[in-house]
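For my numbering, count along the sequence shown from 1 and bump the result up by 228. Glycine included, every Cβ here is placed at the ideal spot set by N, Cα and C. Given the structure is predicted, the values throughout are model-derived calculations rather than measurements. Below is one structure, written out as structure tokens; the observations come after it.
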Amino acid sequence: MSEYFEEFDRIIQANKYSRHSFVKEIEAGRVTREQMKRWAIQKYHQVYLQNSCYSGIHANSWHEDVRAFEMEQLIAEETAIADGSDSHYNLMKRFALALGATEAEIRETPVAPEVWDFVTYLVGHCRNNHFVYGILAIYVNESQTSESAMKMYRALKSGFQLDDRALEWFTVHGEADIEHSSHAKDLIVKYAHEAPNFEWRGRQVVETGSKMWTKLHDFYYGLVTG
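Quick look at the structure:
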């Protein structure tokens, strides 16, 4: 099983978004508060809408440890009980408000088609496939988020003089996603033998997930440079 994950991680690393132009623009200080606000509003929508991917995996598994992990993920994402002082989408809303957004602006800004495309892919995949492939699709995202979140945190803190409360979404994901992706990997390894055609289907899931994640960040790059 380790050889499969070596290949999966090579694919993810080759496409990781910490090297994407979106992150590089922020690191270089070429993004305005208004541009960053536009991103934060769409990111809020993404984070809020994609959370049902965890309930999809939970519904597809009879294994207690898998179901417990997905409940932990939902609690972390949707509440202030774990991994942050508020739900993760509200942490992103807090960031948008710190950049000058209003509650009405966030509420009335439509979800971009590109965000809908990503959410539809991820939630649909997790609901309609073997739970191992659902966990693997999320692993593609979470295994690379920590590095990018901390790069953005440092750039935004110095560039916009924001405090850690405003930037909590980034620090939470800089830490929590390391643990989440490690736990997810352990579960995938444990139950991969139950997933049909894992030998080739696993790679397909990783390649598709990487493609969809990159496509989403191509859109986000346009938001912060337009």
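Exercise. Do you know how far the Cα of Asp237 is from the Cα of Ala304?
Worked result: 25 angstroms
For this session: Could you tell me which uninterrupted alpha helix (DSSP H) segments, each at least 4 residues in length, are contained entirely in the region 339-387, listed from first to last along the chain?
Result: 341-356
Problem set entry | Exposed unless 16 or more other CB atoms sit within 10 angstroms - verdict on Ser410 | exposed
For this session: In the DSSP assignment, find the alpha helix (DSSP H) that holds Trp428 and state where it starts and stops.
Result: Phe426 to Thr453
Exercise. Any idea if Arg322 is buried or exposed, counting beta-carbon neighbours within 10 angstroms, 16 or more meaning buried?
Worked result: Around the C-beta of Arg322, 16 or more other C-beta atoms lie within 10 Å, and the residue is accordingly described as buried.
For this session: Can you give me the start and stop residues for the alpha helix (DSSP H) that Ser409 sits inside?
Result: Glu396 to Tyr419
For this session: Assign Leu277 to one of three DSSP states: helix, strand, or coil.
Result: Leu277 falls in the helix class under three-state DSSP.
Exercise. Hey, how far is the Cα of Asp391 from the Cα of Lys379?
Worked result: 15 angstroms
Problem set entry | Integer-rounded CB distance, given that Val351 should sit under 8 angstroms from Gln464 | The requested residue 464 is not part of the displayed model; the chain covers only 229 to 454.
Exercise. For His286, which of helix, strand or coil comes out of DSSP?
Worked result: helix
Exercise. Which of helix, strand or coil does DSSP assign to Ala423?
Worked result: coil
Problem set entry | Burial state of Gln432, where buried means 16 or more other Cβ atoms lie within 10 Å | exposed
Problem set entry | C-alpha gap between Ala423 and Glu253, whole angstroms | 40 angstroms
Problem set entry | CA-to-CA distance, Gly402 to Lys265, given in whole angstroms | 20 angstroms
For this session: Select from Thr337, Asn318 and Ala242 the residue whose C-alpha is nearest the C-alpha of Ala394.
Result: Asn318
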